[in-house]
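Read through the structure below, which is laid out as structure tokens, and then see the notes.
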Amino acid sequence: MTPEEDRTRTLHDLVEQLSPEAARKLFEEVEDAEDQNRTVVRRALIRKLNAQRRAHARRQFTQLFEPFLADDPWLLRDEFHCAGAIHPLDIGGLWSALAAKPLAPLSRSVDETLTALAQEQPLFMVLRTPKALALREELRITACDLLAKIQKDKTAPRDLLETINAWRKAEAGRKSLGVSPRPLVADRPVDVQPAAGTRQPLRPPGHEPA
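The numbers in this note's numbering rise by one with no breaks, and the one at position 35 of the sequence shown is 787.
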């Protein structure tokens, strides 16, 4: 092993011991440095920061609903249903149904593009780039168009809800949430219908443009 290879291995081993928060802070500190060690440390940090980041397309899709998400398993129970609040399990089920077939090509494209960009930057920085934002907007518009078409079909909404409910039930069990999710039904499905018929960006209540 050459001295350069030994130094690279040592730096990678040190970075692997950092928490994601510490790795992110260190990355920000060395970002403006200009030497060979900086390059090695930077690459090690990128690998560390991106190690647990997968399913980029799903993450982009979920972020569209972030202002509306309420990560409380009790909201999955029928007696605690809260209008206007969406549980991440609901969006996960919707994504699973759409990505299984109609959104599959776009999902693969988003994953491949963001994975390539994340070779040179931490994902938290990649997701702020114009390219990533454009991909998220493409996901939004395509999903809205698909949901609008589904709503016009007599049987498609029922099939979609059955798929979503099956995924939600299985995922709740896998995560041991301690509750059995109330089934989403046609008269009270996931509250995303307003987004299905419009190409306007999703906004939480009270954040409409002036």
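Beta carbons are placed, not taken as given, at the ideal position from N, Cα and C, and that holds for glycine.
Measuring alpha carbon to alpha carbon, tell me which residue in the options is nearest residue i.
i, options, result
"F876", "L891, D765, H808 and D830", "H808"
"A963", "L846, Q871 and T867", "Lying before the first or after the last residue shown, residue 963 is absent from the chain, which here runs from 753 to 962."
"E768", "E756, K800 and P840", "K800"
"D765", "R795, R926 and K904", "R795"
"L888", "S859, P874 and A900", "With the sequence shown as reference, residue 888 is identified as Arg, and Leu is not the correct amino acid for it. The residue with the shortest Cα to Cα distance from R888 is S859."
"T894", "P857, R829 and E757", "P857"
"D823", "A924, P772, L936 and K883", "A924"
"F817", "V937, C896, R934 and K921", "C896"
"P935", "Q804, K777, A868 and A922", "A922"
"A851", "L821, T867, L898 and K927", "L898"
"T865", "P882, L770 and R926", "P882"
"Q815", "L855, A884 and A900", "A884"
"R920", "Q903, G844, E757 and T907", "G844"
"A868", "R806, R790, S771 and L770", "R806"
"P772", "R926, E831, D787 and Q804", "Q804"
CB residue i to CB residue j, shorter than 8 angstroms?
i, j, result
"A849", "I916", "yes"
"V862", "A870", "no"
"Q812", "L912", "no"
"H833", "L841", "no"
"P874", "N802", "yes"
"V782", "R759", "no"
"V931", "R776", "no"
Per DSSP, residue i forms a beta bridge with which residues?
i, result
"I838", "L821"
With DSSP collapsed to three states, give me the class of residue i.
i, result
"Q873", "coil"
"L778", "helix"
"D905", "coil"
"P961", "Because P961 sits at a pLDDT of 44, beneath the cut-off of 50, its placement in the model cannot be relied upon, and the following sentence gives the value as read from the coordinates. Three-state DSSP puts P961 in coil, outside helix and strand."
"T881", "coil"
"L929", "coil"
"L846", "helix"
"K853", "coil"
"H833", "coil"
"R806", "coil"
"Q769", "coil"
"D787", "coil"
Could you check if residue i belongs to the surroundings of the ligand ADP, using beta carbon to heavy atom distance under 7 angstroms?
i, result
"E768", "Among the components modelled here there is no ligand, and therefore nothing to report on the ligand ADP."
For my contact list, residue i and residue j are in at a C-beta cut-off of 8 angstroms; report their separation, rounded to the angstrom.
i, j, result
"R910", "A938", "7 angstroms"
"L763", "F779", "Wrong, their Cβ atoms sit about 13 angstroms apart, outside the cutoff."
"P819", "L929", "So it is not a contact: roughly 22 angstroms between Cβ atoms."
Taking 8 angstroms as the CB-CB limit, is residue i close to chain B?
i, result
"L912", "As a matter of chain content, chain B is missing from the structure shown, which is built from one protein chain."
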